[in-house]
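There are 2 protein chains.
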Amino acid sequence: MSSFIIHGDVFYTPEKDRSVSRADSYLVVADGRIEGCFDSIPDKYSSLSLLECGGKLVIPALYDLHVHASQYQFRGLWMDEELLSWLNNHTFPEEAKYKDTEYAEKAYEIFTRDLYTSATGRACIFATIHRSATLLLCGMLEKLSMPCFVGKVNMDRNSPDMLVEDTDESINETLAYVDEVKRRFTYVKPIITPRFLPSCSDRLSRSLAAIALREELPVQSHLSENLSEIEWVASLSPDSENYADAYRRLGLLGSRKTIMAHCVHSFGREEELLKNSNVYIAHCPDSNTNLSSGIMPVRYFLDNGYKTGLGSDVAGGVSLSIFRAVTDAVRCSKLYYRLVDSSFRALSFNEAFYMATKLGGSFFGRLGSFEEGYEADVVVLDDSSISSAVQDLSVAERVERYAYLESSKPVVHKIVGGKILF
Amino acid sequence: MSSFIIHGDVFYTPEKDRSVSRADSYLVVADGRIEGCFDSIPDKYSSLSLLECGGKLVIPALYDLHVHASQYQFRGLWMDEELLSWLNNHTFPEEAKYKDTEYAEKAYEIFTRDLYTSATGRACIFATIHRSATLLLCGMLEKLSMPCFVGKVNMDRNSPDMLVEDTDESINETLAYVDEVKRRFTYVKPIITPRFLPSCSDRLSRSLAAIALREELPVQSHLSENLSEIEWVASLSPDSENYADAYRRLGLLGSRKTIMAHCVHSFGREEELLKNSNVYIAHCPDSNTNLSSGIMPVRYFLDNGYKTGLGSDVAGGVSLSIFRAVTDAVRCSKLYYRLVDSSFRALSFNEAFYMATKLGGSFFGRLGSFEEGYEADVVVLDDSSISSAVQDLSVAERVERYAYLESSKPVVHKIVGGKILF
């Protein structure tokens, strides 16, 4: 069923400074696309079936531009360390376990189930270097009709032995992975995923860039997350002007649609290179806080037309919830304003919600809003469990409150690409 | 029943840099006090009844040094504003509703129920200026055997008309309130609660200080939360050297046991005045973030022997959970380290947990640890709902993970002052 009507309290953000709130209204979806939102059901849609969600919140699904499925099992653990020691002591040993497909199956089932019931409509996912395990993850998402980009990670240097691939093997495994995903799956798509510059040799990076071009695939990686990491890249790529330039020279920045996670320290250093219509920034505020990376100055990027979406970055971030990323983006922007630069006004809730929906959603297609013609990715939320004596809240206020208080609660209904998943 | 044994996975932090983890052990409580933690039940305790919590986490209850019961109804709302406009636009109009005891009853029942099921053992609570409503709150907490300090708030200037008391009326209502709480309640105690310096005339402040001395009561207020507030205080108290000094001159800082909430901007300004064994700092990281107040440099205060506990500060903070305050204290300390002063090392989880338990607990008595002779405030947590393929976690790791992921989940059992509440 891809034509139907949802009755409820509708909220969406067509612009960063503007929201539409329509209590007690009817959102019409025809052939998987939004027709409009109406006070009553127009005659021409009267034959469509009705999903009755009266009193519930009906909003666009949220988009996660950066999440490590292979780190979900240790979310909320070992948060007393910074990026590079955290990677070596915890992340790499855990990721090495995914060589064992039995472990991977058990772990990815937990991840997939929680992603499925969350408000996230689509996600860009890092798996591990292991092709078999990554294909298992793809298969689980496909079975649930979750349209995600999933990357087999590439690493051929500067990593523990158990996670270092031979360069040719890394290239061949990637080709085989891409081929199999394209062949077997409809909802799940491959994405080229060099872990980050320090873990990929120049030859591997150039080969991956060539594969992305030839196979018409997007690219995802990490950029300027941590100061020690940036120094390391400078020593690894001495001819590059900066970290972003190092990716650019290797063909990995913007030749294809590209997500760069973090960009905490890009402002004042390399921001011009990110002003490319193919480049998306995945802002991951909880992770950047937990790993003592810093605060990304979102205000600059948002106001200057950069494509800035949100990422959970589990397990640097503790939660899969993009609602949590929304409120953390607001929180971090307030601290940046207060502690770093008071000319950078804090994000409003509306702006952060817009990043999580329409702005992040544009990576995947015409998504993230309820304007006419948008593809229907919708979630329905039940906020009735929030007890309060305060009455007469607007729909927008209820959405804000839900984001702050119920970020991890499973949603009631989820519609992706016009298909009602549940 | 105040003598019993709890079997489970025990964790506590006798020092800021040291924890005790004892899986599968027996915590013995005799006459309401901790006897010790044992691998098996010693013979001399074999007649005590056993609370079987095998596989569950057994930890000291947490302490909330600063919470506004009257703001709980609008938690998670209107987070786009700073302190002074937030007070005027939202907080004061909402607090004015508590003149109506019917509204107060409905609202405080929601607050009390959620506090009761949380991991918080004891709290220092702001109500409103209204004596009748505040007594209703006290009655509800008393009925639940929750040993809290509850303050009728005092405000006789610089506030909206509906919340400005006549000075004599404010004094007399406070006296009547203190008298009635002392007379009627055992678990609930009164605390003198001038809202903050701008809302109390000098005469009112001095009278409240005198009442605290005569009635042997503690005091709670707000200090140096926001830069505009600090400027305002400077203009209201031109003879004082700083905000803390203004309280001190009025007799409201440390003559009696005193909690000052926030102290975000006290470092470098007035910190010496807070080094008084009667003064507790309530660090409220989520509120300080949400209201763009800044980050309190906890590292300085903790390492230099200041009594620094944690507060939820609902509704500047969105959640009653002190687990949330623990992880937010860690998070904010990381951003302070990264953005303000890299000589201030980030808090460890252990340190923040210690603040939430033994350090904050010392305000109420010999509490917050499982060392011998400590009064038994205990909560039991079920972390079995956290699905993970990672096995063999230590008890300490499980507590950290619970704090990050399940901060708002109701606890399984709660013991306060040796009494099993549930």
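Top line first, the protein sequences correspond to chains A and B. Per the numbering used here, the very first residue in the first sequence carries number 1; after that it's consecutive. Per the numbering used here, the very first residue in the second sequence carries number 1001; after that it's consecutive. Even glycine gets a Cβ: it sits at the ideal position worked out from N, Cα and C. What you are looking at is a predicted structure, and each value in this text was computed from that prediction instead of being measured.
Buried or exposed by the 16-neighbour rule on C-beta atoms within 10 Å, applied to residue i
i	result
K44(A)	exposed
Q1071(B)	buried
N1288(B)	buried
K1189(B)	buried
T1357(B)	buried
G1294(B)	buried
L50(A)	exposed
R331(A)	buried
G1151(B)	buried
A1176(B)	exposed
R1018(B)	exposed
E406(A)	buried
S1040(B)	exposed
D392(A)	exposed
D1290(B)	According to the sequence shown, residue 1290(B) is Asn rather than Asp. So N1290(B) ends up on the buried side.
D1328(B)	buried
R1256(B)	buried
D24(A)	exposed
E1015(B)	exposed
N226(A)	buried
Sub-9 Å separation of residue i and residue j beta-carbons
i	j	result
A69(A)	F111(A)	yes
H413(A)	I59(A)	no
F349(A)	A403(A)	yes
V416(A)	R33(A)	no
R195(A)	M155(A)	yes
G316(A)	A325(A)	no
V233(A)	A246(A)	yes
D1064(B)	I1322(B)	yes
R1401(B)	I1386(B)	yes
T1167(B)	S1221(B)	no
D970(B)	L1057(B)	No information on residue 970(B) is available, as it lies outside the stretch 1001 to 1422 that chain B covers here.
Y116(A)	M146(A)	yes
V67(A)	D286(A)	no
A346(A)	S1292(B)	yes
L335(A)	L1335(B)	yes
P1218(B)	T1258(B)	yes
L253(A)	S266(A)	no
G418(A)	S2(A)	yes
Contacts of residue i in chain B (Cβ-Cβ under 8 Å)
i	result
Y103(A)	A1389
G294(A)	L1335, R1338 and L1339
I110(A)	S1387, S1388 and A1389
Neighbour list for residue i in chain B, Cβ cutoff strictly below 7 Å
i	result
T289(A)	R1331, K1334 and L1335
K106(A)	A1389
A244(A)	What A244(A) touches in chain B: nothing, since even the nearest Cβ is about 21 Å away.
Proximal chain A residues relative to residue i, where beta-carbon distance stays under 8 Å
i	result
E1397(B)	L77 and W78
F1323(B)	Chain A residues near F1323(B): none, gap ~11 Å exceeds 8 Å.
F1074(B)	S388 and V390
A1133(B)	The premise fails here: A1133(B) is roughly 12 Å from chain A at the closest Cβ pair, so nothing lies under 8 Å.
A1346(B)	D80 and S292
Amino acids of chain A, ordered along the chain, whose beta-carbon sits closer than 9 Å to that of residue i
i	result
F1349(B)	M79 and D80
Chain-ordered neighbours of residue i on chain B, where CB pairs are closer than 9 Å
i	result
V318(A)	T1327, R1401, Y1404 and L1405
As assigned by DSSP and simplified to three states, the class of residue i
i	result
M162(A)	helix
E180(A)	helix
G305(A)	coil
A234(A)	helix
F370(A)	coil
Y1247(B)	helix
S25(A)	strand
D9(A)	strand
N276(A)	coil
P285(A)	helix
Contact test: residue i Cβ vs the ligand ZN heavy atom, cutoff 8 Å
i	result
E1165(B)	With respect to the ligand ZN, the structure shown offers nothing to examine, as it has no ligands at all.
Sheet register partners of residue i (DSSP bridge)
i	result
V1219(B)	I1192(B) and T1258(B)
P60(A)	V378(A)
I1386(B)	Answer is none; I1386(B) lacks a bridge partner.
F38(A)	Y26(A)
N154(A)	P194(A)
Beta carbon proximity, residue i to chain E, threshold 9 Å
i	result
L393(A)	Among the protein chains in the structure shown, which are A and B, there is no chain E.
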